[in-house]
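Protein chains in written order, with the working numbering: chain A, 141 to 486; chain B, 141 to 486; chain C, 141 to 486; chain D, 141 to 486.
4 protein chains.
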Amino acid sequence: MTEQSQQFASDNYSGICPEAWAAMEKANQGHERAYGDDQWTARAADHFRQLFETDCEVFFAFNGTAANSLALSSLCQSYHSVICSETAHVETDECGAPEFFSNGSKLLTARSENGKLTPASIREVALKRQDIHYPKPRVVTITQATEVGSVYRPEELKAISETCKELGLNLHMDGARFANACAFLGCSPAELTWKAGIDVLCFGGTKNGMAVGEAILFFNRKLAEDFDYRCKQAGQLASKMRFLSAPWVGLLENGAWLRHGQHANHCAQLLSGLVADVPGVELMFPVEANGVFLQMPEAALEQLRNKGWRFYTFIGSGGARFMCSWDTEEARVRELAADIRAVMGG
Amino acid sequence: MTEQSQQFASDNYSGICPEAWAAMEKANQGHERAYGDDQWTARAADHFRQLFETDCEVFFAFNGTAANSLALSSLCQSYHSVICSETAHVETDECGAPEFFSNGSKLLTARSENGKLTPASIREVALKRQDIHYPKPRVVTITQATEVGSVYRPEELKAISETCKELGLNLHMDGARFANACAFLGCSPAELTWKAGIDVLCFGGTKNGMAVGEAILFFNRKLAEDFDYRCKQAGQLASKMRFLSAPWVGLLENGAWLRHGQHANHCAQLLSGLVADVPGVELMFPVEANGVFLQMPEAALEQLRNKGWRFYTFIGSGGARFMCSWDTEEARVRELAADIRAVMGG
Amino acid sequence: MTEQSQQFASDNYSGICPEAWAAMEKANQGHERAYGDDQWTARAADHFRQLFETDCEVFFAFNGTAANSLALSSLCQSYHSVICSETAHVETDECGAPEFFSNGSKLLTARSENGKLTPASIREVALKRQDIHYPKPRVVTITQATEVGSVYRPEELKAISETCKELGLNLHMDGARFANACAFLGCSPAELTWKAGIDVLCFGGTKNGMAVGEAILFFNRKLAEDFDYRCKQAGQLASKMRFLSAPWVGLLENGAWLRHGQHANHCAQLLSGLVADVPGVELMFPVEANGVFLQMPEAALEQLRNKGWRFYTFIGSGGARFMCSWDTEEARVRELAADIRAVMGG
Amino acid sequence: MTEQSQQFASDNYSGICPEAWAAMEKANQGHERAYGDDQWTARAADHFRQLFETDCEVFFAFNGTAANSLALSSLCQSYHSVICSETAHVETDECGAPEFFSNGSKLLTARSENGKLTPASIREVALKRQDIHYPKPRVVTITQATEVGSVYRPEELKAISETCKELGLNLHMDGARFANACAFLGCSPAELTWKAGIDVLCFGGTKNGMAVGEAILFFNRKLAEDFDYRCKQAGQLASKMRFLSAPWVGLLENGAWLRHGQHANHCAQLLSGLVADVPGVELMFPVEANGVFLQMPEAALEQLRNKGWRFYTFIGSGGARFMCSWDTEEARVRELAADIRAVMGG
């Protein structure tokens with residue numbers, strides 16, 4: 141039970157899904173033009189435009205750190221600031237990447253509820269200072285689904301984007317787990333993005349079953365001016381681009397992206413359901429996407445670790461995160477649930 | 141003859157080689173720890189240390205732009221400068237990436253002979269200015285094999301590194317085609333790097349048959365301090381790192397990296413031999429690695445294009461670059477050579 | 141009472157002191173070599189070395205934003221972080237300058253008591269995260285005197301520097317009001333800096349009576365390597381440097397720097413003493429340097445404004461900052477105190 | 141003859157002119173609001189608008205390095221490039237400042253005639269590369285008067301700006317010696333800037349008689365968006381701003397800026413006239429502004445140095461630059477000319 145026990149540590153512990161793999165295999169035939177000037181990249185971009193029902197600008201970057209940082213730096217200058225939640229990945233887990241790519245844009249953390257920003261919390265930060273001694277707020281970034289497993293509803297997104305428009309702020313969505321959000325809400329990608337006022341989406345491929353590669357979609361096309369140069373300069377233009385784009389074709393052409401999100405979400409629901417009645421185990425956040433956050437005694441967590449289970453505990457004392465992914469096995473979920481019950485003396 | 145005709149445009153038009161593919165396939169089993177904390181990454185690093193016969197520090201980046209820029213920025217500060225040849229890829233084809241990653245380090249171009257820097261040309265640039273109004277030279281970067289297909293000999297490398305030591309300069313090697321250099325000289329990787337005084341090598345994987353991924357090897361280990369943070373912040377830390385490192389295991393464990401270089405070099409020799417006696421066709425540079433640079437009348441080049449052949453002509457009027465790669469087919473080489481002869485009226 | 145009423149808004153509302161002015165006048169004779177290669181700059185540097193009783197490296201920058209940001213960026217790389225108090229000027233009032241100069245170093249705010257960091261609060265932040273997803277702590281910056289008018293004692297500084305050494309952190313002091321700290325404690329500049337383990341001090345000249353210009357003193361000389369290039373590249377090398385350095389000669393040669401600090405401190409003590417017994421007025425922080433922070437009803441503050449007084453209220457609801465400077469007039473202090481008493485119904 | 145002999149080394153060896161000094165003296169009365177929110181700064185800005193006959197945006201920076209670098213970085217992004225002449229100060233003497241402030245914008249040097257760019261040389265560089273592997277040209281910067289003492293005519297400026305408009309390039313003027321250009325041509329500042337299509341001018345104050353301080357004038361006002369934040373973040377916002385702006389009032393209100401330029405130009409003409417017939421002395425560039433560039437035998441230059449004269453020789457073997465400034469004395473010019481004649485055996 142060594143390797144399987146790692147299944148809940150992170151959704152990027154998973155491998156490449158069959159659809160992405162098959163597309164890479166097909167793409168690996170003979171020579172192709174480099175730097176995105178190939179048929180696979182064109183096809184992937186078209187799939188995105190079709191899926192999102194709009195003629196957006198599509199770019200590819202190697203990972204989420206870069207995709208989000210590049211997108212944010214295209215939305216503001218170094219003396220501007222970016223409003224995010226205290227739990228936002230760009231704030232807590234990117235080693236200063238947004239500040240590096242933007243040459244100094246400061247992240248301003250706003251209060252969040254279940255990991256979600258609100259018009260009120262954005263307004264509070266955006267209006268706090270109006271003098272040149274403090275970086276001028278210019279962007280809001282939200283994560284969908286959030287880092288604590290919650291999901292913004294379309295009306296929440298619309299309320300936020302209206303606040304942004306009123307305050308002159310661009311709106312960016314970190315969609316590392318965008319598929320899980322779509323799966324949870326049953327909404328179309330368009331409803332959760334441009335129809336709700338999102339300017340730019342970073343659509344995560346890695347957690348959805350790819351080896352590398354995130355897509356950056358500009359719904360507000362004029363913000364994408366010269367973005368290809370930005371990617372190139374920042375070391376994010378793949379020479380053999382087809383191997384970043386072909387997997388997207390695999391994920392998008394038959395809806396695998398959504399099925400993977402649904403499966404991961406389903407496993408999270410299963411886990412939370414199975415432990416719902418275990419005394420001493422508290423759900424820290426509503427389970428809406430693929431993560432389950434449990435409050436448990438530290439000693440119990442230690443026993444779980446001794447049984448070989450791996451999970452993150454960055455959420456605070458006694459908080460454990462269990463992530464499900466596209467390939468999480470239901471049997472493992474049940475084993476984990478049983479072990480949780482066991483260590484809790486259930 | 142459409143796709144095959146692109147075989148000489150660039151060595152990054154090629155796909156993934158069988159050895160890298162097989163390793164990826166093996167690596168794609170179950171879950172693995174992310175961010176390089178996996179068995180494949182450990183194995184790849186060990187293979188490098190074995191191959192280079194030294195306990196170097198090993199890192200992985202997504203592409204050559206990033207690998208070289210990160211390495212250079214670890215060797216100097218923003219107010220320092222980097223000496224390179226006029227034809228260096230970092231100067232001509234990285235869209236200002238070295239300047240971006242280093243926050244402003246200026247590239248100073250030095251005269252080169254057949255694309256190679258010399259102690260004299262380095263000295264000339266390094267000693268030209270000694271005042272604080274000009275960025276202080278701190279690094280020399282050389283490309284092995286060079287952008288025009290030539291290869292530095294071990295004694296040339298030693299002479300350069302002695303000059304660097306004397307002048308207080310760090311020495312970086314862009315090894316996008318390092319395998320071709322090793323193949324041509326029959327030297328060991330150690331002889332062409334740390335034994336000759338190289339501080340850092342960026343060893344290219346993409347042109348050698350990988351989908352993505354370059355290795356950065358610090359022979360001067362103290363220059364590698366906190367380099368892992370640098371990679372992370374710059375968006376170059378892969379979450380599913382195994383898919384960057386496993387292909388290296390595939391390339392290194394049975395010598396495929398060298399065989400690929402030998403094959404590409406062989407094809408270049410074949411091509412240059414086949415057209416050596418064609419009147420009006422001049423070799424622009426000695427053929428030592430996998431590129432053949434031919435001076436031909438513009439009209440003849442146009443005819444070649446009309447026949448479907450693709451090649452770069454950035455070298456100046458009438459200059460054409462034909463690149464061979466790990467999967468170039470000899471039959472194609474012969475076809476190309478025949479067409480060159482034909483368009484030249486031979 | 142228009143202009144005088146602004147005397148308490150900020151200590152940089154004051155002009156050039158007579159000693160600085162006289163030195164500028166003397167320096168303005170004939171031609172002098174540019175860029176710091178002049179006699180005044182040499183003299184100023186020597187005065188600093190004498191005053192601090194050590195052979196430190198001395199540089200000059202135009203203002204405090206730049207001096208502190210340049211110093212911090214010489215102490216860390218972009219992927220490192222800087223620990224500061226929540227009230228630190230670099231965090232709250234520099235518009236992201238430290239992040240800009242360092243190309244992305246993140247500021248991590250630590251708890252402070254009366255504006256002062258403690259070994260415990262530094263340790264808490266420095267040890268919170270040890271993974272590469274978060275910028276590695278590399279520098280601590282403290283402000284002496286602090287932004288809320290308190291002053292670190294030599295033993296407090298020593299305790300902090302010991303913590304820094306233990307944790308591998310460089311220690312920087314923002315000394316915008318360093319003179320006021322020396323004046324309050326009666327300690328020598330050496331006791332409050334290198335003898336207590338400070339690596340670099342930015343010694344503020346502007347608030348002490350100069351037009352422009354801050355001095356940067358490296359007690360840890362090896363950290364100053366190529367710092368002159370850093371200043372030049374960042375637009376902080378004055379061509380007519382003598383006009384930045386001569387005023388320092390004026391301030392340092394006869395102790396004016398300390399007298400100015402003493403005077404400003406004295407005025408602050410006078411003000412706080414005069415309002416100490418006014419009911420409803422609370423001192424927010426101990427008065428140790430040249431600032432007096434009073435908690436008063438918002439309505440009373442409004443009445444003070446109506447009487448023409450200017451002061452900052454960034455400290456929170458009902459908090460007002462009254463700053464004294466080298467040229468604050470005692471008569472104005474008494475008028476202000478009387479008006480405070482009056483608006484409070486005293 | 142020690143200090144006077146330095147009069148020709150650089151125009152920034154001179155001190156503060158009487159008009160600037162008097163204005164500083166007046167400005168040094170009592171307290172004033174900081175950070176440019178004072179009457180002197182408002183007055184200086186108004187003087188500029190009047191002088192240039194247009195409602196331009198006016199900012200102040202400490203020196204030319206910063207003024208030009210900030211202006212350039214407001215005109216492009218890091219992945220863009222800036223076209224300048226090979227002799228441009230931003231290329232040769234700013235230690236990579238433009239690259240630092242812009243986070244990596246590359247300077248592309250174009251051929252120049254007598255230090256001046258032409259539509260053809262701009263076009264050549266701007267159109268050379270159109271691919272994303274090379275930074276996209278976005279700005280042209282010209283120096284008026286140039287670094288070799290020549291001056292662009294209004295029609296030359298217009299031709300350049302038309303080329304810029306056609307190619308989508310912003311046009312910046314480094315006016316470190318703008319006063320000398322106006323003085324030479326007898327043109328109005330408006331004719332040499334916005335009427336000729338200049339977007340932004342950096343108007344040099346230091347070489348014109350100030351201690352510190354350059355003005356940045358945006359004629360294209362929308363390019364100035366949030367430029368005040370840019371200045372602040374980059375350490376270029378003076379707290380006691382009145383001491384940067386008041387000298388401008390002194391220079392502008394009675395035309396001193398132009399008289400100073402005329403005087404310096406006159407001295408240069410005098411010098412070049414006096415040595416015109418000395419055998420073996422060749423004028424390297426037409427004398428149009430305040431610099432005289434003479435080709436002389438190295439031995440003769442050495443003799444001049446031995447007589448105590450100081451001058452720059454960066455122009456190449458045997459080339460010497462003699463700069464005149466607002467306070468150059470005619471007697472010194474005649475002495476220098478006589479010595480030149482003497483050392484040449486005349």
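No residue lacks a Cβ here, since even glycine has one placed at the ideal position from N, Cα and C.
Count the other CB atoms, across all protein chains shown, that sit within 10 Å of the CB of residue i; report buried if there are 16 or more and exposed otherwise.
{"i": "D/P419", "result": "exposed"}
{"i": "B/S457", "result": "exposed"}
{"i": "C/D339", "result": "buried"}
{"i": "B/G345", "result": "buried"}
{"i": "C/Q376", "result": "buried"}
{"i": "D/M141", "result": "Note that D/M141 has pLDDT 39, beneath the 50 cutoff, so the model's placement of it is unreliable and no number is given."}
{"i": "C/G289", "result": "buried"}
{"i": "D/N430", "result": "buried"}
{"i": "A/G390", "result": "buried"}
{"i": "D/E264", "result": "exposed"}
Determine the chain B residues that contact residue i at a beta-carbon separation under 9 angstroms, and present them in chain order.
{"i": "C/K380", "result": "Near C/K380 there are no residues of chain B at all, since even the closest Cβ is about 15 angstroms away, more than 9 angstroms."}
Do you know offhand how far residue i's Cα is from residue j's?
{"i": "D/A408", "j": "B/H220", "result": "36 angstroms"}
{"i": "B/L309", "j": "A/E253", "result": "53 angstroms"}
{"i": "D/K268", "j": "A/Y175", "result": "20 angstroms"}
{"i": "C/F359", "j": "C/D467", "result": "31 angstroms"}
{"i": "B/E165", "j": "B/K362", "result": "35 angstroms"}
{"i": "A/V421", "j": "A/A319", "result": "28 angstroms"}
{"i": "D/A237", "j": "A/E469", "result": "56 angstroms"}
{"i": "D/R474", "j": "D/V415", "result": "10 angstroms"}
{"i": "D/E172", "j": "A/L297", "result": "46 angstroms"}
{"i": "C/S261", "j": "A/F241", "result": "30 angstroms"}
{"i": "B/C304", "j": "B/P259", "result": "8 angstroms"}
Please list, in chain order, the chain G residues whose beta carbon lies closer than 9 angstroms to that of residue i.
{"i": "A/Y274", "result": "Any reference to chain G falls outside this structure, whose protein chains are A, B, C and D."}
Can you tell which of the options has its C-alpha closest to the C-alpha of residue i?
{"i": "A/A351", "options": "A/N152, A/F148, A/E393, A/E234", "result": "A/N152"}
{"i": "B/F148", "options": "A/G170, A/A149, A/F148", "result": "A/G170"}
{"i": "C/C92", "options": "C/R173, C/G349, C/V483, C/M484", "result": "Only positions 141 to 486 of chain C appear in the structure, and residue 92 of chain C is not among them; the question remains open."}
{"i": "D/V427", "options": "D/L411, D/L441, D/E438, D/L307", "result": "D/L411"}
{"i": "A/A364", "options": "A/L392, A/I480, A/H312", "result": "A/H312"}
Name, please, each residue of chain C whose Cβ falls closer than 7 angstroms to the Cβ of residue i.
{"i": "B/D494", "result": "Residue 494 of chain B lies beyond the range of chain B shown here (141 to 486); nothing can be said about it."}
{"i": "A/K246", "result": "G236, E239"}
Please confirm whether any heavy atom of the ligand ADP lies closer than 7 angstroms to the CB of residue i.
{"i": "D/G459", "result": "Absent from the structure shown: the ligand ADP. Ligands present: none."}
Cβ closer than 8 angstroms: which chain D residues qualify as neighbours of residue i?
{"i": "A/K372", "result": "Y219, I272, H273"}
Which residues in chain A sit within 9 angstroms of residue i, going by Cβ to Cβ distance?
{"i": "D/N360", "result": "In chain order: nothing, as chain A lies at least about 17 angstroms away."}
* Per the contact definition of three or more C-beta pairs closer than 8 angstroms, is the segment 213 to 224 of chain B in contact with the segment 244 to 260 of chain B? -> Three or more pairs of CB atoms, one per stretch, sit closer than 8 angstroms, so the segment 244 to 260 of chain B contacts the segment 213 to 224 of chain B.
* Mind the definition here: the segment 390 to 400 of chain D touches the segment 157 to 169 of chain D only if three or more C-beta pairs lie below 8 angstroms; say whether that holds. => Counting Cβ pairs under 8 angstroms, three or more are found: they touch.
* To do: Determine contact between the segment 288 to 298 of chain A and the segment 314 to 329 of chain A, defined as no fewer than three beta-carbon pairs at a distance below 8 angstroms.
  => They touch, by the three-pair rule.
* To do: Inspect the CB distances between the segment 375 to 387 of chain B and the segment 176 to 188 of chain B and report whether three or more fall short of 8 angstroms.
  => Touching, yes.
* **Three or more C-beta pairs below 8 angstroms linking the segment 435 to 455 of chain D and the segment 263 to 280 of chain D** => Cβ pair count under 8 angstroms is below three, so no.
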